[in-house]
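Notes for the one structure printed next.
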Amino acid sequence: MISFNKVSKVFPNRQVALQQVSFEINKGEFVFLVGPSGAGKTTILELITCEEKPTTGMVSVAGRVVNRLKPSQVPYLRRNLGIVFQDFRLLPQKTVYENVAFAMQVVEAPPSLIRRRVPLLLELVGLHRKANDLPQQLSGGEQQRTGLARALANDPLLLLCDEPTGNLDPETAWEIMNLLVQINNSGATILMATHAKNLVDRMKRRVIAIDAGHIVRDDYRGGYS
Amino acid sequence: MRLQTLWYYLLETTRSLRRNIWMACASIITVTLAMLILGFFASLLYNLDFMATQVETQLEVTCFLRDYVTSDDLRPLLTKILDIPGVIKADFITRDQALERLNSRMGGSRVDLLTIYQGSDNPLQDSYVIRASSPEIIPAIAASLIALPEVDDVIYGNNFIKQLLSFTSLVRISGAMVMLGLAGAALFIVVNTIRLTVDARRNEINIMRFVGATSWFIRVPFILEGLLLGFVGALVAFQLTAWLYHQAADYIAREISFISMAGADPFLGTLRLWLFAAGTLFGILGSSITIGRYLHV
Numbered sequence: 005m006i007s008f009n010k011v012s013k014v015f016p017n018r019q020v021a022l023q024q025v026s027f028e029i030n031k032g033e034f035v036f037l038v039g040p041s042g043a044g045k046t047t048i049l050e051l052i053t054c055e056e057k058p059t060t061g062m063v064s065v066a067g068r069v070v071n072r073l074k075p076s077q078v079p080y081l082r083r084n085l086g087i088v089f090q091d092f093r094l095l096p097q098k099t100v101y102e103n104v105a106f107a108m109q110v111v112e113a114p115p116s117l118i119r120r121r122v123p124l125l126l127e128l129v130g131l132h133r134k135a136n137d138l139p140q141q142l143s144g145g146e147q148q149r150t151g152l153a154r155a156l157a158n159d160p161l162l163l164l165c166d167e168p169t170g171n172l173d174p175e176t177a178w179e180i181m182n183l184l185v186q187i188n189n190s191g192a193t194i195l196m197a198t199h200a201k202n203l204v205d206r207m208k209r210r211v212i213a214i215d216a217g218h219i220v221r222d223d224y225r226g227g228y229s
Numbered sequence: 049m050r051l052q053t054l055w056y057y058l059l060e061t062t063r064s065l066r067r068n069i070w071m072a073c074a075s076i077i078t079v080t081l082a083m084l085i086l087g088f089f090a091s092l093l094y095n096l097d098f099m100a101t102q103v104e105t106q107l108e109v110t111c112f113l114r115d116y117v118t119s120d121d122l123r124p125l126l127t128k129i130l131d132i133p134g135v136i137k138a139d140f141i142t143r144d145q146a147l148e149r150l151n152s153r154m155g156g157s158r159v160d161l162l163t164i165y166q167g168s169d170n171p172l173q174d175s176y177v178i179r180a181s182s183p184e185i186i187p188a189i190a191a192s193l194i195a196l197p198e199v200d201d202v203i204y205g206n207n208f209i210k211q212l213l214s215f216t217s218l219v220r221i222s223g224a225m226v227m228l229g230l231a232g233a234a235l236f237i238v239v240n241t242i243r244l245t246v247d248a249r250r251n252e253i254n255i256m257r258f259v260g261a262t263s264w265f266i267r268v269p270f271i272l273e274g275l276l277l278g279f280v281g282a283l284v285a286f287q288l289t290a291w292l293y294h295q296a297a298d299y300i301a302r303e304i305s306f307i308s309m310a311g312a313d314p315f316l317g318t319l320r321l322w323l324f325a326a327g328t329l330f331g332i333l334g335s336s337i338t339i340g341r342y343l344h345v
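If you're matching them up, the sequences are chains R and L in order. Whatever position you read off the first sequence (first residue = 1), add 4 for my numbering. Whatever position you read off the second sequence (first residue = 1), add 48 for my numbering.
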């Protein structure tokens with residue numbers, strides 16, 4: 005699903021974000037990406053979403069080599085990805101339903117499909133009763149569940165989560181983790197960048213640890229440290 | 049394109065305009081002003097060209113006689129004039145007749161010239177109005193006339209046309225300069241209006257990018273917004289120009305009888321197309337500049 009082959013990334017200000025990073029993530033895996041702030045986790049996610057291009061090496065996502073993608077092809081790659089953000093990034097003037105439907109509208113999904121799929125997604129994340137609420141009427145956990153439903157709207161092959169529990173209390177964080185496990189069990193690949201030690205330790209999933217742009221550990225069924 | 053996509057574009061465009069209604073109004077007013085000036089200069093140039101054509105088609109040369117020429121000198125002078133190649137007719141106009149003509153041409157004015165310049169106070173000269181066989185021969189006729197000792201001065205259309213053409217080019221240059229300045233101002237305002245929309249929708253645009261909206265899907269509402277601002281500006285400018293043109297034509301016909309303006313048709317029809325094209329182009333250009341500088345999709 006994801007392949008990094010000797011990938012380095014140096015930003016224009018000469019800051020080295022990644023050095024010779026190589027790893028592979030297979031379809032259906034649930035992988036934690038851990039490491040201190042500034043270690044290179046976000047750069048890895050940005051390379052996967054084509055926000056950035058590698059300086060050297062090769063990045064391949066869902067069978068496409070990212071290095072060779074033309075700008076016009078990037079949106080079509082992104083339709084295979086669902087992204088969950090730490091700060092939720094919901095549109096405040098849209099309801100829960102509209103926030104999820106929006107992700108489908110902008111890729112020109114047929115209205116009949118939107119009408120069918122959005123209620124199913126809201127049911128999956130347990131928000132079918134709050135479909136008409138605005139984000140500011142929701143708790144943090146509910147907002148993140150809305151974000152999760154939006155990330156799943158276009159049936160992505162890969163779910164990228166950037167600190168999805170960072171703004172949530174431990175109990176709500178577990179709710180979100182349970183949902184992610186459920187989504188993973190239904191076949192989606194999940195890559196989650198996190199600082200949440202207790203979650204990583206209890207989940208016993210694959211852990212890729214990164215520090216100063218290098219992969220320092222890649223453990224199957226590992227812990228945070 | 050799907051119907052729902054078209055609907056989405058229209059909805060987003062009107063929503064943006066509503067959100068920044070005052071900036072949108074400022075954009076429309078600036079575009080209107082630029083288009084109005086364009087319409088004014090276009091009307092002026094069209095009428096100057098019209099006047100030049102009118103004068104060109106007149107085949108008359110007027111020669112003014114020296115004061116010492118008496119009625120006895122007129123017959124031999126007429127023979128000399130009619131002997132000039134290309135002259136087909138020569139009519140003598142006394143200075144009193146000339147004053148009467150001038151007075152009737154300025155018929156609408158409040159001053160009666162006849163009472164002011166009676167008898168020896170009349171500043172006009174006796175003259176011959178000569179009809180030429182073709183416009184090309186007029187300069188040669190004029191040269192022959194000025195060589196006659198009884199003739200003080202000769203006027204004919206070409207001199208006027210030359211002056212008219214130099215005035216026309218002056219109008220053209222000054223018009224282009226004013227237009228350039230106004231075009232810059234209009235673009236600046238349109239760019240900033242669209243920029244406000246981009247800023248207001250930054251979160252939305254980010255989400256659109258992450259879920260895989262194409263760059264054109266993101267751009268189109270902004271381009272439509274610019275296009276609409278330019279189009280409405282041009283529409284208002286055209287209506288104003290057309291109204292002013294009719295008003296000016298009516299006024300000139302009523303008050304200045306010796307000048308007539310070119311007819312509104314087909315000029316205003318062509319002007320409408322040009323203004324609409326220029327206005328929408330302004331709008332599209334303004335939004336494209338904003339997209340290029342601030343949108344990054």
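Ideal Cβ placement from N, Cα and C applies to all residues, glycine included.
Close Cβ partners of residue i (< 6 Å) along its chain, the five nearest in sequence each way excluded
i                            : result
phenylalanine 315 of chain L : Tyr94
proline 269 of chain L       : Tyr57, Glu60 and Thr61
valine 117 of chain L        : Glu198
Residue i - partner residues in DSSP beta bridges
i                           : result
glycine 86 of chain R       : R/Leu163
phenylalanine 36 of chain R : R/Met196 and R/Val211
serine 12 of chain R        : R/Thr60
valine 20 of chain R        : R/Val14
valine 177 of chain L       : L/Thr110 and L/Asp139
histidine 218 of chain R    : R/Asp215
tyrosine 204 of chain L     : L/Val109
serine 7 of chain R         : R/Glu28 and R/Ser64
valine 199 of chain L       : L/Leu113
Residue environment, residue i, which counts as buried when at least 16 other CB atoms sit within 10 Å
i                           : result
valine 35 of chain R        : buried
glutamine 97 of chain R     : exposed
isoleucine 136 of chain L   : exposed
asparagine 136 of chain R   : exposed
asparagine 4 of chain R     : Residue 4 of chain R is absent from the model: chain R starts at 5 and stops at 229.
isoleucine 129 of chain L   : buried
phenylalanine 15 of chain R : exposed
aspartate 166 of chain R    : buried
glutamate 273 of chain L    : buried
isoleucine 69 of chain L    : exposed
glutamate 56 of chain R     : buried
glutamate 175 of chain R    : exposed
arginine 72 of chain R      : exposed
proline 114 of chain R      : exposed
aspartate 131 of chain L    : exposed
glycine 156 of chain L      : For glycine 156 of chain L, the predicted structure reports a pLDDT of 48, less than 50, and the residue's modelled location is therefore unreliable. A value from the coordinates is still provided. The residue is exposed, with fewer than 16 neighbouring Cβ atoms inside 10 Å.
Extent of the continuous alpha helix (DSSP H) to which residue i belongs
i                        : result
histidine 294 of chain L : 263-303
arginine 121 of chain R  : 115-128
arginine 50 of chain L   : Where arginine 50 of chain L is concerned, there is no enclosing alpha helix (DSSP H), given that its DSSP letter is neither H nor E.
serine 119 of chain L    : 119-131
Straight-line gap, residue i to residue j (C-alpha atoms, nearest Å)
i                            : j                         : result
phenylalanine 106 of chain R : aspartate 247 of chain L  : 19 Å
valine 20 of chain R         : arginine 249 of chain L   : 32 Å
serine 152 of chain L        : alanine 82 of chain L     : 40 Å
leucine 86 of chain L        : glycine 223 of chain L    : 8 Å
arginine 50 of chain L       : glutamate 102 of chain R  : 19 Å
arginine 209 of chain R      : glycine 226 of chain R    : 6 Å
alanine 296 of chain L       : valine 226 of chain L     : 22 Å
leucine 319 of chain L       : threonine 80 of chain L   : 14 Å
leucine 85 of chain R        : arginine 119 of chain R   : 21 Å
glycine 39 of chain R        : lysine 45 of chain R      : 7 Å
methionine 196 of chain R    : leucine 164 of chain R    : 6 Å
glycine 317 of chain L       : threonine 338 of chain L  : 32 Å
aspartate 91 of chain R      : asparagine 251 of chain L : 12 Å
alanine 285 of chain L       : leucine 150 of chain L    : 38 Å
phenylalanine 330 of chain L : serine 214 of chain L     : 30 Å
glycine 340 of chain L       : leucine 212 of chain L    : 45 Å
isoleucine 90 of chain L     : tyrosine 293 of chain L   : The question names isoleucine, but residue 90 of chain L is alanine in the sequence shown. C-alpha separation (whole angstroms): 11 Å.
Limits of the beta strand (DSSP E) - the one that residue i falls within
i                            : result
phenylalanine 106 of chain R : First-last for phenylalanine 106 of chain R: 100-109, but that is the alpha helix (DSSP H), not the beta strand (DSSP E).
isoleucine 48 of chain R     : Per DSSP, isoleucine 48 of chain R belongs to no beta strand (DSSP E); it is in the alpha helix (DSSP H), 45-52.
Neighbourhood of residue i by C-beta distance below 8 Å, restricted to the same chain and skipping five residues each side
i                         : result
methionine 181 of chain R : Thr169, Leu203 and Met207
glutamate 108 of chain L  : Val177, Ile178, Arg179, Ala180, Tyr204 and Gly205
leucine 126 of chain L    : Ala138, Phe140 and Tyr176
leucine 117 of chain R    : Met108
alanine 43 of chain R     : Ile214, Asp215, Ala216 and Gly217
Neighbourhood of residue i by C-beta, 7 Å cutoff - its chain only, sequence neighbours within 5 removed
i                      : result
leucine 288 of chain L : Leu84
Interface residues of chain C facing residue i [CB-CB closer than 9 Å]
i                      : result
alanine 197 of chain R : Within the model displayed, chain C is absent; protein chains R and L are what it includes.
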